[in-house]
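Chemist: My structure is below; once you've seen it, I'll send some questions.
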Amino acid sequence: MERFAGLLQQLPRQQGEMLRALHLAQEELGWISRDAIRLIARHLRVSEAQVYGPATFYAEFRHSPPPKTLVTWCSGPSCRVVGGDRVRRIFEAEFGCRLGENTADDELGLWLGQCNGTCEQAPMVWVNGRVVGPLTMVESVKLARRLKAGDDVIEWPQRPIKIAPATFVDAEATYGSAHGPGNAHGHEGVEESGR
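Numbering-wise, the working numbering puts 79 at position 1 of the sequence shown, and it's gapless, one number per residue.
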């Protein structure tokens, strides 16, 4: 908590810094404790209720200490389109807890995460911050069971990502030369300045 308090002092004392302060608390402490809310409120010169509101509004903020192994489920649209909701249900069933909860022994937790742009790995989860994906349903069951058994997934096999080959477009051949009859935009008689 001492380190967090020191880092908090580096933030401007403006209410607009509240989300940044909450993210800082979660990064440093692993969760948003009552003490963290109190410190943030004091630093930003607002009431604890004003900090508690956004801290509980956003589902990605945790209000209990993180488990030993934290699985963060990606709720982004790319993951959902290719089976992310089924991945979540598999982890809930295998862990015996719902999204946003830890197991009774606090060894495992399944928490909500927001898309971080690794859509080529969809559907995916983070295991203690490490991207694991793309996951099939069978792989999701295997991963959940390995984690329940206490296995480390550092060596979890990544499937090759299939990316469609890009179509090459020769802009000059298609649209003409910027110095010739048409410019790069294909408009004859229009100068680069747009006139």
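Every residue, glycine too, gets a C-beta built ideally from N, C-alpha and C.
Exposed or buried, what is T150 when buried is set at 16 or more other beta-carbons lying within 10 Å of its beta-carbon?
Modeler: In the sequence shown, counting from the first residue as 1, residue 150 sits at position 72. Its Cβ being crowded by 16 or more others within 10 Å, T150 is buried.
Chemist: Mind checking whether L122 and Q93 have CB atoms under 7 Å apart?
Modeler: What you label residue 122 is simply residue 44 of the sequence shown in a count that begins at 1. What you label residue 93 is simply residue 15 of the sequence shown in a count that begins at 1. Result yes, Cβ atoms of L122 and Q93 sit closer than 7 Å.
Chemist: Count the other CB atoms, across all protein chains shown, that sit within 10 Å of the CB of T147; report buried if there are 16 or more and exposed otherwise.
Modeler: The residue you call residue 147 lines up with position 69 of the sequence shown. T147 comes out buried.
Chemist: In three-state terms, what does DSSP make of R208?
Modeler: The residue given as residue 208 occupies position 130 in the sequence shown. Three-state result, R208: strand.
Chemist: Run through DSSP, which three-state label would E179 get?
Modeler: Position 101 of the sequence shown, counted from the start, is the residue given in the question as residue 179. Looking at E179 - three-state DSSP - the assignment turns out to be strand.
Chemist: Closer than 8 Å is the cut-off here; do at least three beta carbon pairs connect the region 127 to 143 with the region 168 to 176?
Modeler: Output reads no: the region 168 to 176 does not touch the region 127 to 143.
Chemist: For the candidate residues P90, V216, A133, C152, whose alpha-carbon lies nearest to that of S111?
Modeler: By 1-based counting over the sequence shown, the position of residue 111 is 33. The shortest Cα separation from S111 among P90, V216, A133, C152 belongs to A133.
Chemist: Say whether the region 152 to 165 touches the region 197 to 205, bearing in mind that this needs 3 or more beta-carbon pairs closer than 8 Å, one atom from each stretch.
Modeler: With the cut-off at 8 Å, the region 152 to 165 and the region 197 to 205 touch.
Chemist: How far does the beta strand (DSSP E) with G187 in it reach, from first residue to last?
Modeler: Counting from one through the sequence shown, the residue named residue 187 turns up at place 109. Looking at the DSSP string, the run of the beta strand (DSSP E) that includes G187 is 186 to 191.
Chemist: Measure from the alpha carbon of D184 to the alpha carbon of each residue in A114, F82, S142, then state which is nearest.
Modeler: Here residue 184 refers to the residue found at position 106 of the sequence shown. Considering only alpha carbons, the answer is S142.
Chemist: Looking at R140 and W109, is the spacing between their C-beta atoms short of 7 Å?
Modeler: Numbered from 1 along the sequence shown, position 31 holds the residue referred to as residue 109. Numbered from 1 along the sequence shown, position 62 holds the residue referred to as residue 140. Yes, Cβ-Cβ distance for W109 and R140 is below 7 Å.
Chemist: With distances taken from CA atoms, which of G228, M79, E138, M96 is nearest L186?
Modeler: In the sequence shown, counting from the first residue as 1, residue 186 sits at position 108. Ranking the options by Cα distance to L186, first place goes to G228.
Chemist: If we call anything under 7 Å between Cβ atoms a contact, is R164 one with M96?
Modeler: Here residue 164 refers to the residue found at position 86 of the sequence shown. Here residue 96 refers to the residue found at position 18 of the sequence shown. No, these two residues do not count as a Cβ contact at 7 Å.
Chemist: So what does DSSP say about T134, is it helix, strand or coil?
Modeler: Counting from one through the sequence shown, the residue named residue 134 turns up at place 56. DSSP places T134 in helix when its eight states are reduced to three.
Chemist: Using DSSP with H/G/I as helix, E/B as strand and the rest coil, what is V306?
Modeler: Outside the shown range of the chain (79 to 273) lies residue 306, about which nothing can therefore be said.
Chemist: So, helix, strand or coil for L148, using DSSP?
Modeler: For the purposes of this step, residue 148 is taken as residue 70 along the sequence shown, with counting starting at 1. Residue state, collapsed to three classes: strand.
Chemist: Straight-line CA distance for P201 to R208?
Modeler: Sequence index remark: in the sequence shown, residue 201 carries index 123 (1-based). Sequence index remark: in the sequence shown, residue 208 carries index 130 (1-based). Their backbone Cα atoms lie some 14 Å apart in a straight line.
Chemist: With H, G and I counted as helix, E and B as strand and the rest as coil, what does DSSP make of R112?
Modeler: The residue given as residue 112 occupies position 34 in the sequence shown. R112 falls in the helix class under three-state DSSP.
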